[in-house]
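Peer 1:
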Amino acid sequence: MVVSVPAAALVLALGILPLHVATEEARSLGPTIGFLAAVLVLAEMAKRDGLFAAAGAWMAAASRGRPVALLALVFVVGSTVTAILSLDATVVLLTPVVFATAATLRLRARPHVYACTHLANSASLLLPVSNLTNLLAYRASGLSFTRFGTIMALPWLAAIAVEWLVLRRFFASDLVGRGVTDSERPVALPIYPVAVIALTLVGFFVTSIVHIDPAFAAAAGAIALVLPALRSRKASLRDVGRAVDISFLAFVLALGLIVSAVSYRGLGSAVSHLVPHGSSLWSLLLLAAIAAVLANAINNLPAVLLLLPAAAAVGAGPVMAVLIGVNTGPNLTYVGSLATLLWRRTLRRHEVEPPMSEFLRLGALTVPLVLLVATLALWLSLRVVG
1 MVVSVPAAAL VLALGILPLH VATEEARSLG PTIGFLAAVL VLAEMAKRDG LFAAAGAWMA
61 AASRGRPVAL LALVFVVGST VTAILSLDAT VVLLTPVVFA TAATLRLRAR PHVYACTHLA
121 NSASLLLPVS NLTNLLAYRA SGLSFTRFGT IMALPWLAAI AVEWLVLRRF FASDLVGRGV
181 TDSERPVALP IYPVAVIALT LVGFFVTSIV HIDPAFAAAA GAIALVLPAL RSRKASLRDV
241 GRAVDISFLA FVLALGLIVS AVSYRGLGSA VSHLVPHGSS LWSLLLLAAI AAVLANAINN
301 LPAVLLLLPA AAAVGAGPVM AVLIGVNTGP NLTYVGSLAT LLWRRTLRRH EVEPPMSEFL
361 RLGALTVPLV LLVATLALWL SLRVVG
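Following this line, the structure appears as structure tokens:
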């Protein structure tokens with residue numbers, strides 16, 4: 001934010017990006033930014049209604065103090081939250097709950113909090129709402145909401161399965177023994193926010209069918225949670241404003257303008273030569289690898305903005321391969337995605353930041369396998385779904 005917004009202003013002031021191109025880029029990003037704002041509010045209001053606390057209580061009770069069972073439950077909850085409420089909800093809202101749950105059970109928190117960041121990236125492949133990069137890919141692909149989810153279901157499951165196998169083995173020494181648990185502790189699931197989120201998800205499918213922007217469904221869901229929260233004083237207008245996170249939305253818009261400028265001045269043409277022209281397995285693997293490397297070099301958001309125009313010119317398959325690369329690749333380094341940086345900040349607050357060497361070693365074990373298996377699953381999915 002501190003760098004990107006002044007940089008975007010400078011790009012416009014110096015004429016590096018013509019005003020008409022900037023206006024078109026802003027208009028193109030507008031619905032995506034509006035959608036993101038609504039989903040951020042939706043997740044924050046769900047937290048205030050006790051949804052994440054209930055999830056933590058359920059995981060604590062259902063695991064019965066068994067560390068492997070808790071890890072499995074974190075995978076279930078983390079994958080679901082990421083897919084429906086976006087990866088930001090997982091790293092910002094779920095990670096502290098998982099950390100507190102492990103502490104309550106007196107279990108080692110490392111495997112469970114690592115699962116949060118890896119699932120925030122790898123489990124964000126399923127729906128257009130799961131990640132900001134997905135929203136951009138969704139609009140570039142020309143697919144419907146339903147078709148997007150259908151194609152990405154198999155890669156999503158494949159990525160989660162690889163993460164489970166690697167994390168289960170990597171943290172084997174931490175997943176031993178048994179914690180302390182109160183099996184009689186009740187779990188009160190807040191019905192209203194669950195119902196609103198479910199209806200919002202249905203709204204995404206419906207708006208896709210009738211060719212209405214899904215941002216309207218997201219906004220309706222956010223309003224349905226905001227109004228009762230304001231009436232009951234669970235939240236104030238200031239809280240809603242914080243949830244919208246104007247600075248983050250400005251960062252996204254500014255980054256879009258900066259990428260548009262460098263693309264307009266020739267980088268876009270250079271990048272297009274990197275994109276394989278075809279949807280063969282080899283082409284998809286190569287494109288996913290390029291996207292992953294680029295994400296770790298310059299962050300996944302500018303990477304997807306650079307690669308999507310060239311990938312979309314080839315077809316929906318290459319767009320999805322780019323998505324696999326920019327979503328799962330950031331598990332390799334901290335700078336790969338904003339979600340990973342937010343996760344690291346959350347752990348710093350709990351004074352449990354993991355060693356850099358450990359993070360990199362786990363990333364080196366998971367990312368290549370996830371890229372390979374998820375892209376193979378994409379190739380199979382494209383053959384079946386079309």
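Numbering (the working numbering), first residue to last: 1 to 386. A virtual CB, placed ideally from N, CA and C, is assigned to each residue, including glycine.
1. Quick check for students: name the residue ranges of the alpha helix (DSSP H) that lie wholly in the region 95-179, counting only runs of 4 or more.
2. Out of Arg344, Ala261, Thr328, Val21, point me to the one whose CA is closest to Gly363's CA.
3. Using the rule of at least 16 other Cβ atoms within 10 Å of the residue's Cβ for burial, across every protein chain shown, is Val226 buried or exposed?
4. Might you give, ordered along the chain, the residues of its own chain that have their beta carbon closer than 8 Å to the beta carbon of Leu12, omitting 5 neighbours on each side?
5. Expressed to the nearest angstrom, what Euclidean distance is found between the alpha-carbon atoms of Ile84 and Gly50?
6. Please state whether DSSP places Glu184 in a helix, a strand or coil.
7. Does the region 312-327 come into contact with the region 284-297, if we say contact requires no fewer than three beta-carbon pairs (one atom in each stretch) closer than 8 Å?
8. If you draw a straight line from the C-alpha of Gly56 to the C-alpha of Val98, how long is it?
9. Once DSSP output is grouped into helix, strand and coil, what is the label at Ser263?
10. I need the boundaries of the alpha helix (DSSP H) containing Asp239, first residue and last residue.
11. Along the chain, where does the alpha helix (DSSP H) that runs through Ile191 open and close?
12. Would the beta-carbon of Pro67 fall within 8 Å of that of Gly177?
13. Any contact between the region 85-97 and the region 157-171? By contact I mean 3 or more CB pairs, one from each, below 8 Å.
14. Decide if the region 25-42 is in contact with the region 270-284; the criterion is three or more beta carbon pairs, one per stretch, under 8 Å apart.
15. Given Ser260, which residues of its chain have a CB within under 8 Å of its CB, disregarding the five upstream and five downstream residues?
16. Compare the C-beta of Ala215 against all C-beta atoms of chain C and say whether one is closer than 8 Å.
17. Which same chain residues end up closer than 6 Å to Gly221 when comparing Cβ atoms and leaving out the 5 residues on each side of it in sequence?
18. Could you round the C-beta distance between Cys116 and Thr95 to whole angstroms and report it? I think they count as a contact, below 8 Å.
19. If the criterion is Cβ atoms closer than 8 Å, does the pair Ala137 and Leu338 meet it?
20. Taking the C-alpha atoms as reference points, what is the distance between Glu184 and Ala61?
21. If you draw a straight line from the C-alpha of Ala229 to the C-alpha of Ala377, how long is it?
22. Work out the CA separation of Ala9 and Met400 for me, nearest whole Å.
23. Just to confirm, is the Cβ distance from Val166 to Leu372 under 8 Å?
24. Which value, in whole angstroms, describes the spacing of the CA atoms of Ala374 and Asn121?
25. Could you give the DSSP three-state label for Ile298: helix, strand or coil?
26. Report all residues from its chain with a CB closer than 6 Å to the CB of Lys234; omit the five preceding and five following residues, and keep chain order.
27. Please list, in chain order, all residues of the same chain as Ala158 whose beta carbon is under 6 Å from its beta carbon, the five residues on each side excluded.
28. What three-state label does DSSP hand Leu372 in the structure shown?
29. Measure the beta-carbon distance from Val319 to Ala140 and round it to whole angstroms, keeping in mind my assumption that it falls under 8 Å.
30. Going by the CB atoms, is the gap between Pro330 and Ala297 shorter than 8 Å?
Peer 2: Reading from the atomic positions:
1. 95-105, 110-122, 132-141, 145-170
2. Thr328
3. buried
4. Leu19, Ala22, Leu257
5. 17 Å
6. The predicted position of Glu184 is uncertain, since its pLDDT is 49 and thus under 50; a value taken from the coordinates is nonetheless stated next. Residue state, collapsed to three classes: coil.
7. yes
8. 6 Å
9. helix
10. 237-244
11. 191-209
12. yes
13. no
14. no
15. Leu17, Val21, Ala22, Glu25, Leu305
16. No chain C is part of this structure, which consists of one protein chain only.
17. Leu42, Val196, Thr200
18. 4 Å
19. no
20. Below a pLDDT of 50, predicted positions are generally treated as unreliable, and Glu184, at 49, falls in that range; no measurement from the model is reported.
21. 42 Å
22. This structure gives no information on residue 400, because the portion of the chain shown stretches from 1 to 386.
23. no
24. 13 Å
25. helix
26. Arg48
27. Val373, Ala374, Ala377
28. helix
29. 6 Å
30. no
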